[in-house]
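Right, one structure below, let's go through it.
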Amino acid sequence: MTIGFSTRIAMALAVILSVGLGVTGILSIQTFERTLGEFLSTRFQFVVDDVRQRIETQLDLGLELSDMQNVPLIMDAYLRDDSQILTIEVFEETGTVVHSTDTSFVGDVVTEDWMQAWNESGDRNNWFLFQRDAGVVGSLIRDSFDRDVGSVALRYSRDYLDDTVRVHRSVLLGAGIVNVVIILFLALFGSLQVLRRPLRDLRDLNDSVRRMAARKFGADVDDGDSRLYDELPEYGDFARSVQEAQDLISEATAEVRRIDEEQAGRA
Amino acid sequence: MTMATGTTEGREANGTGGSGGIISRHGAVLFRIVALSALLLLISQIAFAWFSLNEFEKVLRPQLERKAEVVGRAVGNLVRYSVDDLGFPPERLVGVDAYFTRIMHANPDIDFMALLDAGGGVLSLDGISAEDFTTIDLSEAVPGATVPSSASEHVAAPFPISVDGTVVATLIVGVSLEYVSDRLSDIYLDVITVIVVSWLVTLEFMLFFMNTKLTTPLNGISIALARGQKGVFADRVVSRARDEVGLVTASINDLIHALQQKYDDFRFELHEVRSAQLDKAVVQRVQAVKNRVDARLRFSGGEDIRPSSSLQIRIPLFLLMFSEELSRPFLPIFISRLVPAETTVSHEFMIGFPITLFMFVAAVLTPFGGVLSDRFGARRVFILGAIPATIGYFGTFLTQGYLDFIMWRTFSGVGYGLIFIAAQAWVAENTRGRHMAQEMSVFVGAVFVGMICGPPFGGIIAARLGYEATFLLSAGLAFVSGLIVYSMLDNSMGKRVRAGTRLGISGARMLLLDPRFFAVTFLAAVPGKFIVTGFFFYLLPLHLNAVGNSQSVIGWLMMLYGLSTFALLPLVSRFADRSGQYPVLVGLGVGLTGAGCLAILPELGIPNPNVAAAISILCLGVGHALSLPSQLAIIQQAAARFHGAVGPASAISAYRVIERLGLVMGPLVAAPLAIAFGTAGAIVGLGLITLAFVPFYAFAMYLSRNRPGAAMGELS
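This is how it looks when you write it as structure tokens:
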């Protein structure tokens, strides 16, 4: 069974256009997720920066990090106001948590990931971490001698980000499918239009070649063949050459037979 | 016996005849189908992008308003604390302006802040003029919720500050709508990048598909017809297609077979008659009949016509380039993780070393790749290169430490070096006659598309699946690339090139003493690469960053280089082949790349630095489109002039080795210039240095104009 050329083209267009749109969709969603993540983190960055500034003011007044009584109150206020905030914590340079909106964390040591992100933040004031279940925004606490004495870290839920991205992915998937269907229809229609004449030529060419193979000596060309000869001059030259070859061999065979019969007659 | 036939040969075998039929004008059908798919994809992508951006805006704008609420609440609490707990009346608060300024400085999305007294009088205001502020109607505003201002540049949210139930002051936080527009502009640029990247990938695959299914098989038919016109009915067109093209191929093969059968029958009868005859005169008459047929027709010594095309290498090469470019955005970061904590040399050196080693290995392999391609054929060398490339990427995926990484990257470098030359050798093997630049643009185009498309994909995959997974994908792509070459490219190509064409000392000496080869490598290719690494890779990102562009804008501007080159390559290379003015185009290209850098010069009065940079980048892209295919065409001409003493792949590999001098020199020259004159001054300096090569190049070409083979006609 043969699959027609236009069907192959339509199938190829279907696959390639779907992949092209799929790639556009994936890259668009990726861009959206990154931008939305940045929009979210800028809000949380403001919160950690505000907490950090208040802590640094008190450090300048000579208070110890662990002795700041109002820090948990400020952090709790932010936690209450924003349901996406999971916890806000303040830890020392050793990684020990000294204040947290979840008091059970106080005294614990933060994870290695946090310490690494904090250490790698270098001269920047903020550090960021994306974990499987939460995003983390941190801000470096520096004393009046510009020494790093700890960090404020805010964990926020990725649920909103993930849910929003999921919803958009579904919306875009639906839009993409509609788009693909419309485009495929146009692609099929367009490719059939573009290929109509070339495919007709190929089919006629195939018929003509087959007729030529079955041609008897001296037979005239078919009307369809003469059209092809005009429209495909290279095929016309080839066909004339084939006819010449067929006739030449037929004539030669006939001549050999004639010689043979002459000799047989003489004998 | 097998005959592999390139596109150009097929075209020429076909002659110029044809009034628009499928055989002689299949290029037009190819163009229409590819143009149709490109147009449809573009329309659908733009519609899709427009829809998705609208959706994005709906989500992003409320996020800014949430930010305004958080800021308003935080600052409001502080004011309330000062007024209520500390007892300062709002009008006597000091340092409020400075506090507002500090917040706005740290939060570019906050456009203005104002503190009003109980009667609505302005106590503090920052980020907006008093006149504009009065245009904001807050009379119907819900506390903590934003209202659009009539100035329509921002939305404002009022935060009443109450003490014992009485509003003593109101804080107003304005969010910049311009900030939303700016961020959306960044997304627009990203989406344009996305569209361009996926569009190019789609086009590559469509071109490959059409070439495999239509152009190349029709080329085989065309060759069979051309040979039949000359009375040669001894060949068979090899085709596995089962569509209309395949049916025509099969019918032509059947027809040729029927003719051969008819001839065999004739010979059998002739043999019978001749063997039965004792009369010499009769035997001579019979023989004369046979001679008459044999003089006109030929049925023996048949060959398998296996049509091939330079385009066939494009997808495998694209996949390989793509696989290498996938890791481009994060490679230094990935290496930095592997660098041991305790090292005797600097951390930066340890990061840069594997990258340099990769390029070094690829450069060292270049001449060997050329020699191997000339000796064993490009196909075999490509497959040979795909093996270490795949092993290297797979090893990098499994890598545990810095030394492992270096070893696996060396493997990849070996593969990359071999394939880079083998692909060019394939194009050279399939290039005949007057289409050298067009055929070479196939190679340059695939490299550029890989360079444009790889990094954005790599960044996304790395962000989603991790760095290691990206290397695994690279390994898979390199393997597929080798597999395509193994299964789809003809095995007989290497037989065309004679053994003994390898580039020995005498061959290298011949090339270097050839004034055209010397001019095009040392005076055109070297400055051409020098400006790529010095200006484009090194100085341009620094300059664009210094004038305040985001990564999206920088990335988009830099993409203009690849896009302009890619878009112009087919047109320019066709013009180059038609006119035969390869040396002139190379000179123009080099001159344009140098002149483009001068656009950065402030004295030229281009007010927007991004416009100036875009002009420089476009000049670089257009300059390279003008120059690169013509350079390769001149190299092939140089190889052809030695009549087999130097193979085309060897000549190309020699050219590539010399060209890499420019790559190395770029940053070495750019760095001290940047220290002395700043990045903009250094860019202008690099442009002037490049321009200085042009008169020397022109002089060298002028001197060589009368040498044998200098004229295009002699070679084609």
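Protein chains in written order, with this note's numbering: chain A, 26 to 292; chain B, 866 to 1581. Heads up, the beta-carbon is just placed ideally off N, CA and C, and yes, glycines get one too.
Backbone CA spacing between residue i and residue j [nearest angstrom]
i       : j       : result
A/D255  : A/S266  : 15 Å
B/L1176 : B/M1353 : 12 Å
B/E934  : A/N95   : 22 Å
B/I1252 : B/G1234 : 14 Å
B/P1172 : B/R1202 : 49 Å
A/V314  : B/M1423 : Here chain A comprises residues numbered 26 to 292, so residue 314 of chain A is not present and cannot be evaluated.
B/Y1520 : B/I1500 : 7 Å
A/D184  : B/G1315 : 36 Å
B/E1524 : B/F1387 : 7 Å
B/G984  : B/A1327 : 56 Å
B/R1396 : B/V1449 : Per the sequence shown, residue 1396 of chain B should be read as Ile rather than Arg. So the alpha carbons of these two residues sit roughly 19 Å apart.
B/G937  : B/A1022 : 8 Å
A/V162  : B/G1278 : 39 Å
A/W152  : B/E920  : 30 Å
A/D226  : A/Y260  : 11 Å
B/T1261 : B/A900  : 39 Å
B/D1169 : B/T1077 : 18 Å
B/A1034 : B/P1025 : 6 Å
B/S1027 : B/T1335 : 56 Å
B/L814  : A/N144  : It is not possible to answer for residue 814 of chain B, since the shown part of chain B is limited to 866 through 1581.
B/F1133 : B/S1140 : 10 Å
B/V1391 : B/L1526 : 6 Å
B/T1080 : B/G892  : 7 Å
B/S1481 : B/R1381 : 28 Å
B/Y1044 : B/R926  : 10 Å
A/D285  : B/Q1126 : 21 Å
B/G1486 : A/L211  : 34 Å
A/E114  : A/T82   : 18 Å
B/P1474 : B/V1412 : 7 Å
For residue i, the residue or residues it bridges with in DSSP
i       : result
B/S1027 : B/V1032
B/F977  : B/G1039
A/N298  : As shown, chain A starts at 26 and ends at 292. That puts residue 298 of chain A outside it, with no answer to give.
A/F116  : A/V122 and A/S176
A/I110  : A/Y181
B/S989  : B/L980
B/R1163 : B/V1097
A/V134  : A/T121
A/A159  : A/S182
Per-residue burial, residue i [other beta carbons within 10 Å of its own, 16 or more giving buried]
i       : result
B/R1374 : exposed
B/S1046 : exposed
A/G175  : buried
B/G1488 : buried
B/Y1426 : buried
A/V281  : buried
A/M36   : exposed
B/K932  : buried
B/K1394 : buried
B/T1430 : buried
A/A178  : buried
A/V206  : exposed
beta-carbon residue i near the ligand ADP non-hydrogen atom, thresh 6 Å
i       : result
B/A1228 : As far as ligands go, the structure on display features none, and thus does not contain the ligand ADP.
*Can you list, in chain order, the stretches of the beta strand (DSSP E) that have 3 or more residues and sit fully within the stretch 1430-1506 of chain B?*
Here no run is fully enclosed.
*For the stretch 1059-1123 of chain B, list the alpha helix (DSSP H) runs that are entirely contained and at least 4 residues long, ordered along the chain.*
The stretch 1059-1123 of chain B contains these whole alpha helix (DSSP H) runs: 1081-1094.
*Run through the stretch 1277-1317 of chain B for me and flag every whole alpha helix (DSSP H) of 4 or more residues, listed as ranges in chain order.*
Within the stretch 1277-1317 of chain B, not a single complete alpha helix (DSSP H) segment reaches 4 residues in length.
_Please identify, using Cβ separations under 8 Å, the residues of the stretch 1157-1179 of chain B that lie next to chain A, in order along the chain._
For chain A, the residues of the stretch 1157-1179 of chain B that bring a beta carbon within less than 8 Å of one of its beta carbons are R1157, V1158, R1161 and L1162, in chain order.
_What are the residues in the stretch 1092-1103 of chain B lying within 8 Å of chain A by C-beta distance?_
Among the residues of the stretch 1092-1103 of chain B, those with a Cβ less than 8 Å away from any Cβ of chain A are G1093, Q1094, K1095, G1096 and F1098, in the order of the chain.
_Which residues of the stretch 1102-1133 of chain B have a Cβ closer than 8 Å to any Cβ of chain A? Give them in chain order._
Residues R1107, D1108, E1109, V1110, G1111, L1112, V1113, S1116, I1117, D1119, L1120, A1123, L1124, K1127, Y1128, D1130 and F1131.
*Just list the alpha helix (DSSP H) runs in the stretch 31-107 of chain A, keeping only unbroken ones of 4 residues or longer that don't cross its boundaries, in chain order.*
As far as the stretch 31-107 of chain A is concerned, its whole alpha helix (DSSP H) runs of at least 4 residues are 96-106.
*What residues in the stretch 921-952 of chain B have a beta carbon less than 8 Å from any beta carbon of chain A?*
Answer set for the stretch 921-952 of chain B: F921, V924, L925, Q928, L929, R931, K932, V935, V936, R938, A939 and N942.
*Taking only runs that begin and end inside the stretch 1175-1200 of chain B, name each unbroken alpha helix (DSSP H) of 4 or more residues, in chain order.*
DSSP runs (the alpha helix (DSSP H)) wholly in the stretch 1175-1200 of chain B: 1179-1190.
_Counting only Cβ-Cβ distances shorter than 7 Å, please list the residues of the stretch 55-72 of chain A near chain B, keeping chain order._
So the list reads Q55, T56, F57, T60, L61, F64, L65, T67, R68, F71 and V72, given in the order they occur along the chain.
*Can you give me, in chain order, the residues of the stretch 1408-1439 of chain B that have a beta carbon less than 7 Å from any beta carbon in chain A?*
Answer in chain order: no residues at all.
_Counting only Cβ-Cβ distances shorter than 8 Å, please list the residues of the stretch 193-217 of chain A near chain B, keeping chain order._
In summary, the residues of the stretch 193-217 of chain A whose CB is separated from some CB of chain B by less than 8 Å are H193, V196, L197, A200, G201, N204, V205, I207, I208, L211, A212, G215 and S216, in the order they occur in the chain.
*What residues in the stretch 170-193 of chain A have a beta carbon less than 8 Å from any beta carbon of chain B?*
Those residues of the stretch 170-193 of chain A placed with their C-beta closer than 8 Å to a C-beta in chain B are T189 and H193, ordered along the chain.
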